[in-house]
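Residue numbering for the sequence shown follows our numbering, starting at 19 and increasing by one per position. Glycine included, every Cβ here is placed at the ideal spot set by N, Cα and C. Owing to the predicted nature of the structure, the values given are computational and were not obtained by experimental measurement.
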Amino acid sequence: MTRLKVCGITRPEDAELAVEVGAWAIGFILWQGSKRYVEPAMAAGIARSVRRRTELVGVFVNPTLDEVAHAADLMGLTHLQLHGDEGPSFCAAAGQRTGCRVIKALRIRSRADIADAKRYHTDLHLLDSAGNGRTWDWSLASERRTKIPLIVAGGLTPANVGDAIAHAYPWAVDVASGVESEPGIKDPAKVRAFAAAVAEASQVTSA
């Protein structure tokens, strides 16, 4: 069964919606350059309301170890998603410092990027597109030579997530813009449609 992560959570009602549809995890974007940035204090309040019902992921871009540790403690994060230029040693140090599982996100443009992911011995790999809201060639995932679980992200919508699952066989899929009415605001109908599409595609690939 392919798991679902709903990212870019900024409101309590959207976190509750994600839990309702069975999301394995929700993501808080803690990088101020994002349209889906959420203040840490707000994220902490949302996290308290859904703790133990879903995993809590903090999304960072080139943070310091102190920033990661502070956020993890404030919000009770279970996972760190490192989406910048963080190297393998930083990823390892962040996990050791916080006790969180680490997701290293990598932007996929070619086979070389797939090969580069092998440098990161993190708990999970998240393969994303090179541009916001765009997809990438999911068939490249077949060239991975690692047992590290794969999360597929990048331009996923209710209409195309089934194809992504059929091509990449991911451990989980990650969605943000594809289920929104505007940045940071989830559309309940789209979220439910996305979750249903993930469940349907998972049944097909596991048959």
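Query                                                                                                                                                                       : Result
In chain order, which continuous runs of the beta strand (DSSP E) of length 3 or greater are located wholly inside the segment 136 to 197?                                  : 142 to 147, 168 to 170, 190 to 193
What's the call for M19, buried or exposed, on a 16-neighbour Cβ count within 10 Å?                                                                                         : exposed
Taking all protein chains shown into account, do 16 or more other C-beta atoms lie within 10 angstroms of the C-beta of H97, making it buried, or fewer, making it exposed? : buried
What span of residues does the beta strand (DSSP E) with A74 cover, start to end?                                                                                           : Residue identity check: residue 74 is Leu in the sequence provided, not Ala. Taken as a continuous stretch (DSSP letters only), the beta strand (DSSP E) holding L74 covers 73 to 78.
Counting only the same chain and skipping the five closest in sequence on each side, list residues whose C-beta sits under 7 Å from that of R54.                            : G26, T28, I47, A194, P201, G202
Within a Cβ cutoff of 6 Å, which residues of the same chain sit near G196, ignoring the five residues on either side of it in sequence?                                     : L174, T175
In whole angstroms, what is the alpha-carbon distance linking E31 and L142?                                                                                                 : 27 Å
Per DSSP, H97 is paired with what?                                                                                                                                          : V75, R119
Assuming contact is defined by CB atoms lying nearer than 7 Å, are L158 and W189 in contact in what I supplied?                                                             : no
Pair every Cβ in the segment 128 to 136 with every Cβ in the segment 112 to 119, then say whether three or more of these pairs are closer than 8 Å.                         : no
So, I44 versus A59, is the Cβ gap smaller than 7 Å?                                                                                                                         : no
Quick one: is G76 buried, meaning 16 or more other Cβ sit within 10 Å of its Cβ, or exposed?                                                                                : buried
With H, G and I counted as helix, E and B as strand and the rest as coil, what does DSSP make of R66?                                                                       : helix
Looking only at its own chain, which residues have a Cβ that is under 8 Å from the Cβ of L124, when we skip the five neighbours before and after it?                        : D131, D134, A135, Y138, H143, L144, L145, D146
Whole-angstrom Cβ separation of Y187 and T140, contact assumed at under 8 Å?                                                                                                : Contact doesn't hold; Cβ gap of about 19 Å is too wide.
Tell me whether E200 sits in a helix, a strand or coil according to DSSP, three-state version.                                                                              : strand
Using alpha carbons as the reference points, say which of I64, L74, S107 lies closest to Q99.                                                                               : L74
Using three-state DSSP, classify K208 as helix, strand or coil.                                                                                                             : helix
According to DSSP, simplified to helix, strand and coil, what is A41?                                                                                                       : coil
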